[in-house]
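**Student:** Can you read through this structure? Questions will come right after.
Numbering (the UniProt record's numbering), first residue to last: 1 to 386.
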């Protein structure tokens, strides 16, 4: 097998379900150290979350500084009996490797690392600085992973020119999408408190449900925007409405709804909180108390469309995929949202159709293609002048 596939096999065999490491970061450290990388495994904890191990590896030769970011943690396998291959076996059958993390995203990490020896041997890696930030907490809380490692790296004096995240960005075929940004994400809860009572004596109670339902209708019917050249329209979805009432003859004391807003760069947390408040005020409270709570942290939106390094990535992918990638800002969030606070950032990786699914798998030839893209991109990036 190729060097990328050897490394991917070793990583899949680590049962690194968030926040477990199970040796995955040490495998990468052992691979990178002989290439001249200074590797540090840094652990962060606190802020209401669990301790997380993160790897920061850097090969400092001055010049332009490229940051590659990824994660070795994976989601749980679910019902292991439903898998046709051992989820941590990394079995290769007929040109396909099976296992949890094969797509999301141990493949991206393995391909990038395997792209480096050729550049080190040729001396091209000496044209600039290459760093890798590999976290063990992308799939869950994302509190003690990338965000704190970036803060730590800044305190160590690291400044990045561009960030490349190896998430599986391709949609239908390899190279069809490069993520140049992401929508922001804000979650909220609205609580409406009335007065509990017997349904036969409604005048002695104050039912919060009509108010709650009207607020839900108001939020669902009022568009936030129509989108712009970089983003689709901002979208609000209500995900739960609950009064916690199991009795059919009791007016509940209170009810609450929760929702999420995926927003474009026309909005930020402050503007959205104000907008939510304005929509709530349009509904008569009828004597109920209404409370809006914004759940922090709020993931901001970002876009790197004007970056020359994004253009270079598009051209590199086009060369290997024989198609021009779409510049996309769709989908959910990723750790790229943290990197965007430090430098322009984009995401490129494999086709992600089987990520998080039973029998997650990846064609081995696609991993080799990804390695080739990363090799050419790093070479071209370091060759550019600041």
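Each residue gets a CB set at the ideal place from its N, CA and C atoms; glycine is no exception.
#1: By DSSP's criteria, residue 258 is part of a beta bridge. Which residues make up the other side?
#2: Could you round the C-beta distance between residue 135 and residue 146 to whole angstroms and report it? I think they count as a contact, below 8 Å.
#3: Below 8 Å, how does it come out for the region 361 to 380 and the region 279 to 298: are there three or more Cβ pairs, yes or no?
#4: State the DSSP-derived secondary structure class of residue 98, mapped to helix, strand or coil.
#5: Let me check understanding here. Comparing Cα to Cα, which of 148, 151, 198, 343 lies closest to residue 392?
#6: Starting from residue 4, trace the alpha helix (DSSP H) both ways and give me its first and last residue.
#7: Per DSSP, which one or two residues make a beta bridge with residue 57?
#8: What does the Cβ neighbour count give for residue 377, buried or exposed, with the cut at 16 atoms within 10 Å?
#9: Could you tell me which residues DSSP puts in a beta bridge with residue 327?
#10: Given this structure, state the Cα-to-Cα distance separating residue 166 from residue 55, to the nearest angstrom.
#11: Mapping DSSP to helix, strand and coil, what is residue 88?
#12: Assess contact between the region 29 to 38 and the region 47 to 64, defined as three or more Cβ pairs (one per stretch) separated by less than 8 Å. Is contact present?
#13: Counting pairs of Cβ atoms below 8 Å between the region 223 to 243 and the region 257 to 267, do you hit three or more?
#14: Going by alpha carbons, who is nearest to residue 49 out of 312, 297, 328, 247?
#15: Could you pull out every residue in the same chain whose Cβ sits closer than 6 Å to the Cβ of residue 24, ignoring the five residues on either side in sequence?
#16: I want to know whether the region 327 to 347 touches the region 87 to 99 - three or more CB-CB distances under 8 Å.
#17: Applying the criterion that 16 or more other CB atoms from any shown protein chain within 10 Å of the CB defines a buried residue, is residue 215 buried or exposed?
#18: In terms of alpha-carbon separation, which member of 178, 132, 74 lies closest to residue 33?
#19: Counting pairs of beta carbons, one from the region 171 to 189 and one from the region 323 to 330, are three or more of them closer than 8 Å?
#20: With distances taken between CB atoms, is the gap from residue 221 to residue 264 smaller than 7 Å?
#21: Could you pull out every residue in the same chain whose Cβ sits closer than 6 Å to the Cβ of residue 101, ignoring the five residues on either side in sequence?
#22: Within 10 angstroms of the Cβ of residue 78, are there 16 or more other Cβ atoms? Answer buried if so, exposed if not.
#23: Distance check for residue 207 and residue 246, CA to CA, integer angstroms please.
#24: Tell whether a beta-carbon distance below 7 Å holds between residue 333 and residue 299.
#25: Can you check whether the CB of residue 316 is closer than 7 Å to the CB of residue 115?
#26: Let me check one thing: in DSSP terms, what residues is residue 347 bridge-paired to?
#27: Label residue 249 either buried or exposed according to how many other C-beta atoms from any shown protein chain fall within 10 Å of its C-beta, with 16 as the threshold for buried.
#28: Quick check: the Cα distance between residue 372 and residue 358, rounded to an integer number of angstroms?
#29: Classify residue 45 as helix, strand or coil using the three-state DSSP reduction.
#30: Name, in chain order, the residues that DSSP records as bridge partners for residue 289.
#31: According to DSSP, residue 372 sits in a beta bridge with which residue or residues?
#32: Nearest by alpha-carbon distance to residue 67: which of 352, 309, 314 is it?
#33: If contacts are defined as beta-carbon pairs under 8 Å, then residue 162 and residue 338 qualify, I think. What distance do you get, rounded to the angstrom?
#34: Are the beta-carbon atoms of residue 137 and residue 19 separated by less than 7 Å?
#35: Is the beta carbon of residue 52 sitting closer than 7 Å to the one on residue 144?
#36: Quick check: what's the CA-CA separation for residue 191 versus residue 209?
**Tutor:** In this structure, then:
#1: 189, 240
#2: 5 Å
#3: no
#4: strand
#5: Lying before the first or after the last residue shown, residue 392 is absent from the chain, which here runs from 1 to 386.
#6: 3 to 12
#7: 39, 132
#8: buried
#9: 178
#10: 15 Å
#11: coil
#12: yes
#13: yes
#14: 297
#15: 11, 14, 16, 72
#16: no
#17: buried
#18: 132
#19: yes
#20: no
#21: 12, 74
#22: exposed
#23: 15 Å
#24: yes
#25: no
#26: 165, 179
#27: exposed
#28: 28 Å
#29: strand
#30: 193
#31: In the DSSP output, where bridge partners are listed per residue, residue 372 has none listed.
#32: 309
#33: About 15 Å separates the two Cβ atoms, so there is no contact after all.
#34: yes
#35: yes
#36: 10 Å
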